[in-house]
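Okay, so here's the structure we're looking at.
Residue numbers (our numbering): 178 to 393.
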């Protein structure tokens with residue numbers, strides 16, 4: 178009688194096992210390599226969270242830190258600080274970095290009494306405003322809508338900018354006569370033909386102020 182011996186069937190080696198054996202058992206299949214890397218969705222999530230955190234830090238930390246808290250105004254003698262602030266029109270809770278200083282200067286110069294204005298940012302939360310006011314060089318008379326005649330100040334550029342009692346004037350200013358002004362408004366400019374006269378008066382004001390006061 179023949180003898181029967183049972184043997185356990187040999188397991189087939191998988192392609193992965195064979196690949197590992199051929200390379201010393203250290204290689205991984207492509208599928209296994211993909212599983213070891215972080216998913217793309219996870220990377221995007223981390224990026225979104227980091228961006229959101231930076232926005233929150235900017236809003237709650239950086240913006241309040243740079244919010245305009247101080248405004249220093251110099252050079253104004255007839256304009257009050259509150260008037261300058263109104264003409265400047267800085268929005269509430271503005272960051273110093275969001276302000277357009279040139280646009281703010283132009284806003285201030287919209288006031289007929291202002292000849293020039295400049296602004297400088299002082300980190301982290303202050304503004305320095307420098308004002309140059311117009312100086313009265315002469316007077317002109319004009320009739321208003323009610324028929325009343327009143328005096329008005331004119332500067333060296335020929336700009337009619339204020340009533341004599343609202344600015345600092347010399348005791349006596351020369352009067353420009355023979356000028357007909359219709360619909361007078363502050364900020365308007367006299368005819369260019371008056372500029373040579375105003376230029377002469379400006380030179381005289383520097384050389385001999387007493388003589389200027391005697392001209393009418």
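Beta carbons: idealized from backbone N, C-alpha and C, even for Gly.
Per-residue DSSP class, three states only, for residue i
| i | result |
| --- | --- |
| residue 307 | strand |
| residue 383 | helix |
| residue 285 | helix |
| residue 355 | coil |
| residue 323 | coil |
| residue 396 | Nothing can be reported for residue 396, as the shown portion of the chain is limited to 178 through 393. |
| residue 345 | coil |
| residue 274 | helix |
| residue 254 | coil |
| residue 247 | strand |
| residue 296 | strand |
| residue 413 | In the structure as shown, the chain starts at 178 and stops at 393, and residue 413 therefore has no counterpart that could be examined. |
| residue 267 | coil |
| residue 339 | strand |
| residue 333 | coil |
Alpha-carbon to alpha-carbon, residue j and residue i
| i | j | result |
| --- | --- | --- |
| residue 247 | residue 322 | 42 angstroms |
| residue 351 | residue 384 | 15 angstroms |
| residue 260 | residue 284 | 12 angstroms |
| residue 249 | residue 343 | 23 angstroms |
| residue 357 | residue 326 | 12 angstroms |
| residue 315 | residue 330 | 6 angstroms |
| residue 354 | residue 292 | 24 angstroms |
| residue 265 | residue 217 | 51 angstroms |
| residue 305 | residue 313 | 26 angstroms |
| residue 263 | residue 224 | 44 angstroms |
Residue i burial status per 10 Å Cβ neighbour count (16 or more: buried)
| i | result |
| --- | --- |
| residue 310 | buried |
| residue 226 | exposed |
| residue 280 | exposed |
| residue 222 | exposed |
| residue 245 | buried |
| residue 340 | exposed |
| residue 308 | buried |
Spell out a yes or no on whether the segment 288 to 299 and the segment 256 to 263 are touching, meaning 3 or more CB-CB pairs, one atom from each, closer than 8 angstroms. yes
Pair every Cβ in the segment 331 to 340 with every Cβ in the segment 366 to 373, then say whether three or more of these pairs are closer than 8 angstroms. yes
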